[in-house]
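Trainee:
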Amino acid sequence: MAKLIYIESSPRKSRSHSIKVSEAFLNSYAKEHPNDTIEKIDLWAEALPPFSDEVLDAKYSIMHGSEPSENEKKAWEKIESLFNRFNSGDKYVFSVPMWNFGLPYVLKHYIDLITQPGLAWAFNPESGYSGLVSGKVAVIYATGGEYSAGSQTEAFDLQKPAFENWLAFIGLTDVSKIIIAPTLSDPTEVEKTLNSCIEVAKKTAKSF
Ligand SMILES: Cc1cc2nc3c(=O)[nH]c(=O)nc-3n(C[C@H](O)[C@H](O)[C@H](O)COP(=O)(O)O)c2cc1C
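Here the sequence shown stands for residues 418 to 625, where the numbers follow the numbering used here.
1. Can you determine whether any heavy atom of ligand 1 sits closer than 7 Å to the C-beta of histidine 434, and answer yes or no?
2. Quick one: what's glutamate 367 bridged to in DSSP?
3. Comparing alpha-carbon positions, which option in Gly548, Met515, Leu421 and Val523 lies nearest phenylalanine 468?
4. Comparing the CB of alanine 559 with every heavy atom of ligand 1, is any distance shorter than 7 Å?
5. Output the boundary residues of the alpha helix (DSSP H) element that contains tryptophan 583.
6. Can you tell me the Cα-Cα spacing of isoleucine 597 and alanine 559, whole angstroms?
7. Just checking methionine 480 against ligand 1 - is the residue's beta carbon closer than 7 Å to any of the ligand's heavy atoms?
8. I'd like to check one pair, serine 544 with glycine 588: are the Cβ atoms closer than 8 Å?
9. Mark histidine 481 as exposed unless 16 or more other C-beta atoms lie within 10 angstroms of its C-beta, in which case mark it buried.
10. In this structure, what does DSSP give as the bridge partners for alanine 639?
11. Does the Cβ of glutamine 533 have 16 or more other Cβ atoms within 10 Å, making it buried, or fewer, making it exposed?
12. May I have the straight-line CA-CA distance separating methionine 418 from serine 568, to the nearest angstrom?
13. Write down every uninterrupted run of the alpha helix (DSSP H) in the region 459–511 whose length is 4 residues or greater and which is fully enclosed by it, in chain order.
14. My guess is that serine 445 and serine 512 are in contact by the Cβ rule of under 8 Å, so how many angstroms apart are they, rounded?
15. Between the C-alpha atoms of glutamate 487 and glutamate 471, what's the straight-line distance to the nearest angstrom?
16. Measuring only the C-alpha atoms, how far is alanine 555 from proline 485?
17. For glycine 561, tell me which candidate among Ile528, Ser547 and Glu606 has the shortest Cα-Cα distance.
18. Who does asparagine 627 pair with in a DSSP beta bridge?
19. Report back the beta-carbon spacing between isoleucine 595 and threonine 621 to the nearest angstrom; my notes put them in contact at under 8 Å.
20. Restricting to Cα atoms, I'd like to know which of Asp474, Ser483 and Pro514 is closest to isoleucine 496.
21. With a threshold of 7 Å, establish whether the CB of tryptophan 516 neighbours any heavy atom of ligand 1.
22. Taking C-alpha atoms, which residue in Pro428, Ala462 and Tyr423 lies nearest to leucine 443?
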């Protein structure tokens, strides 16, 4: 029995393209994998703690091999609990809208909180950095414009390269992608794109 964690980062809910396609994915996954569990983490409903001075100091204490203070330990417990929830998945689905060419700030906030030494990654002077998270990933991106490979707008895309570098950094390299683009266009064309992404999502979920 596997556990799939779904991380939602659009606040637009019923109007969101990335959520619509993710829901099609999850419904198809649930039908095909009736014994698996799905846990949703809606980043807009989570009370994410600030990345405080104490968290930062705890991070550097850990990285430098020194003993964290009591305040640092307390701050670190919250980080560990957030990370442990994330790390309890065997598979991950992310819905990721493009905001100002990059990621919505709640997703960046979550990434900053959970990407910690000794939890998400390790460093060894001989072998360098290694990711400590494992599992399969499906990412459902939505962008208002189009940023396809080889196009003039490709260089503006700070969403997919940044997100996939982060996934790889923490050890998640088995990644399927669905790109819903453009979502800010002629409504009939957008509807067609959305429906075709929904079909791809349903199919991808079956063998996920
Ligand atoms: C705050 C904000 C910033 C955005 N910035 C961009 C952008 O830089 N480039 C782009 O192509 N679309 C941009 N968009 C459009 C969204 O990427 C598009 O509406 C997408 O469908 C959002 O995903 P969702 O439908 O799942 O919410 C932006 C939308 C919002 C709300």
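C-beta: ideal position from N, C-alpha, C; glycine also.
Computed from a prediction, not measured in an experiment: that's the story for all the values here.
Mentor: By the coordinates alone:
1. yes
2. What is shown of the chain runs 418 to 625, which leaves residue 367 out entirely.
3. Val523
4. yes
5. 577–586
6. 5 Å
7. no
8. no
9. exposed
10. In the structure as shown, the chain begins at 418 and stops at 625. Residue 639 is therefore absent and cannot be evaluated.
11. buried
12. 42 Å
13. 470–480 and 487–504
14. Not a contact, Cβ separation roughly 15 Å.
15. 10 Å
16. 36 Å
17. Glu606
18. Look at the range of the chain in this structure, 418 to 625, and you will see that residue 627 is not part of it.
19. 7 Å
20. Asp474
21. yes
22. Tyr423
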